[in-house]
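A quick write-up on the structure given underneath.
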DNA sequence: CGATCTACGTCGTTAGCCGT
DNA sequence: ACGGCTAACGACGTAGATCG
């Protein structure tokens, strides 16, 4: 390389930023599915990016996991050019341009995939991860998303090469700026020197983009908080019984946070809070905000791929809304079919759909014969004979199995329950799995019934310390918070406005948002019961439920 | 001189962190 | 979930220091 480029200011230095998406963790175990690059320099603020999808080689597949994180499946790649063609495009551009270095985040990975290609690149690689380790050693996480987010670039949720190139270029600009201002590193020669001579400091103290005083000034009241990126996007919505304690716990206890939470706090620049009257209301509001905003770090309450379904009583028909003939539910379906529908397939035919086999054995290969043998053993265990199985029998059996399981958990330490050592395709393992599906279904139906009752209810509870304090009250109608207020001591609990609504009417309002809202409410009820708070609950037209009975009901959900 | 302790280097294993 | 790298750790061995 010419000495002149080694002495060019890093701002002006012409670089090539690259990023790729692949199907595996190394070239020996994966293929390129996307390659993006940008010819740029730190001085350039909106670089042009070339992003190319790449066709899969014959017979290659994209794992479910990779499809999920990249959003790229085989269908997205059918019309894509071959790796060779993309490589030639990059090579043609390489010949036509000046470039002093290739920049990538975690260059080791990109390099292992890009270097074997005949791209005509023989330049030094600069790794923004290696720089970040020395420049930002206190950052809780040093992945591209965390580093870029800390510096102010929020990556899209799908991992795509073009976006990653833009983020890496952004990070490079920020680092070049820092180098000049704080480290007397001005040229590529300086940078190479600095990298060699600066080991990553060990016990560096934690750094955050979020100003300390801002979180320390939060109120110690219940409420909902939004963690915001530099650009104001909502990264995460959470609830707290004390906003100050909860939010500050993210920044105090690095040891106990999961790696995705580390990535999250690395990016937080600001926080917005909504105070609520109680933590119960905070939990309900949190659900509403998550449904509305779908923040990237709220995995569990987001809609994701979950759907509400109802099943017919013979389990063969399903519908997203309930109808007089399709009213088992609401159930939550994560995939194409609900596991319980397996029973319909098993009852209907002696050679069940092989598609079910994977579901049954947790992804293992199980053939139809093994499935039939497992079902036969299941019938034998439970005295179901060989005639057609009646759904009512299955439901009763499900309740028995569920009760047996609850007893086993209550008596034994749940960690010491017998672990099934049978191979996944043995009749024993399959029969046991069928039992599990049935008892889970039974529990789901019980929960569905409960949530439907709860959708027309009135709740009052003691939130403050003093029993003289007025009770907080929530009126739930059509699955929503209809009214919230206070109930004076001695004042009786009113009748829910929708207490006359039929089961079908109640099911009619059960979309996923309502399902989750009532589920959250149930969780909060459980918390109040566990905390020994006095509470009064009136579901439907029944008399108010006493705490002890509520505790028993909640136990079985 | 031999026994014991400490300091230091080397080797092999492990845990954690990146990427997809 | 998986591959691959590195920092961290612990086991081990050797050399040198110290002491009886």
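Numbering (the numbering used here), first residue to last: 26 to 582.
Cβ atoms here follow ideal geometry from the backbone N, Cα and C, with glycine treated the same way.
Just so we're clear, the structure is a prediction, and the values are computed from it rather than from any experiment.
Problem - Through-space distance from residue 182 to residue 310, alpha-carbon basis - result: In a straight line, the C-alpha of residue 310 is about 24 Å away from that of residue 182.
Practice task
Tell me whether the beta-carbon of residue 79 lies closer than 8 Å to the beta-carbon of residue 161.
Solution key: No. Outside cutoff.
Exercise for the section: Within its chain, find whatever has a CB closer than 7 Å to the CB of residue 441; leave out the 5 residues flanking it on each side and keep chain order. Expected result: Its pLDDT being 45, under 50, residue 441 is placed unreliably by the model, and the measurement read from it follows with that caveat. Counting only Cβ-Cβ distances below 7 Å, and skipping sequence neighbours, we find nothing.
Practice task
Inspect the beta-carbon positions of residue 303 and residue 488 and report whether they are closer than 8 Å.
Solution key: yes
Exercise for the section: Look up residue 354 in the DSSP assignment and say whether it is helix, strand or coil. Expected result: strand
Handout entry: Environment of residue 480 [buried if 16+ CB atoms lie within 10 Å]
Key = Looking at its Cβ environment, which holds 16 or more other Cβ atoms inside 10 Å, residue 480 is buried.
Practice task
Using 10 angstroms around the beta-carbon of residue 577, count the other beta-carbons present and answer buried if the total reaches 16, otherwise exposed.
Solution key: exposed
Practice task
Report buried or exposed for residue 221, applying the criterion of at least 16 other Cβ atoms within 10 angstroms of its Cβ.
Solution key: exposed
Handout entry: the region 518-526 contacting the region 561-575, beta-carbon criterion three pairs below 8 Å
Key = Because the criterion of three Cβ pairs below 8 Å is met, the region 518-526 and the region 561-575 touch.
Exercise for the section: Look up residue 248 in the DSSP assignment and say whether it is helix, strand or coil. Expected result: When secondary structure is reduced to three states using DSSP, residue 248 falls in the strand class.
Problem - Length-filtered (4 minimum) alpha helix (DSSP H) runs lying within the region 100-149 - result: When DSSP assignments are scanned along the region 100-149, the uninterrupted stretches of alpha helix (DSSP H) that are 4 or more residues long and fall wholly within it turn out to be 108-121 and 132-139.
Handout entry: Beta-carbon proximity of residue 364 to residue 402, cut-off 8 Å
Key = no
Practice task
Report the residue from 33, 97 and 135 whose alpha carbon sits nearest the alpha carbon of residue 52.
Solution key: 135
Exercise for the section: Consult DSSP for residue 77 and reduce its assignment to one of helix, strand or coil. Expected result: strand
Practice task
Within the same chain, show all residues whose beta-carbon is closer than 6 Å to that of residue 32, passing over the 5 residues directly before and after it, in chain order.
Solution key: 212
Practice task
Tell whether a beta-carbon distance below 8 Å holds between residue 243 and residue 298.
Solution key: In this structure, residue 298 lies closer than 8 Å to residue 243 by Cβ.
Problem - Between the CA atoms of residue 65 and residue 253 - distance to the nearest angstrom - result: Roughly 29 Å separates the two Cα atoms.
Problem - Cβ-Cβ distance between residue 287 and residue 165 below 8 Å - result: yes
Handout entry: Straight-line gap, residue 167 to residue 248 (C-alpha atoms, nearest Å)
Key = Rounded to the nearest angstrom, the gap between the Cα atoms of residue 167 and residue 248 is 31 Å.
Exercise for the section: May I have the straight-line CA-CA distance separating residue 38 from residue 188, to the nearest angstrom? Expected result: 22 Å
Exercise for the section: State the DSSP-derived secondary structure class of residue 233, mapped to helix, strand or coil. Expected result: coil
Practice task
List the endpoints of the continuous beta strand (DSSP E) containing residue 482.
Solution key: Note, residue 482: beta strand (DSSP E), 482-486.
Problem - Under 8 Å between C-beta atoms of residue 45 and residue 103 - result: Using a Cβ distance threshold of 8 Å, residue 45 and residue 103 do not count as a contacting pair.
Exercise for the section: Please report the residue range of the alpha helix (DSSP H) in which residue 263 lies. Expected result: Segment 259-265 is the beta strand (DSSP E) holding residue 263; no alpha helix (DSSP H) there.
Exercise for the section: Decide yes or no for the touch test of the region 122-135 against the region 84-92: beta carbon pairs closer than 8 Å, at least 3 of them. Expected result: Between the region 122-135 and the region 84-92, the count of Cβ pairs shorter than 8 Å is below three; the stretches do not touch.
Problem - Nearest neighbour of residue 484, chosen from 170, 539 and 546 [CA to CA] - result: 546
Problem - residue 160 CB to nearest heavy atom of the ligand ZN below 7 Å - result: Absence of the ligand ZN from the depicted structure is noted, as is the absence of any ligand whatsoever, leaving it without description.
Problem - Same chain, Cβ closer than 6 Å to residue 108, five either side skipped, listed in chain order - result: 57 and 79
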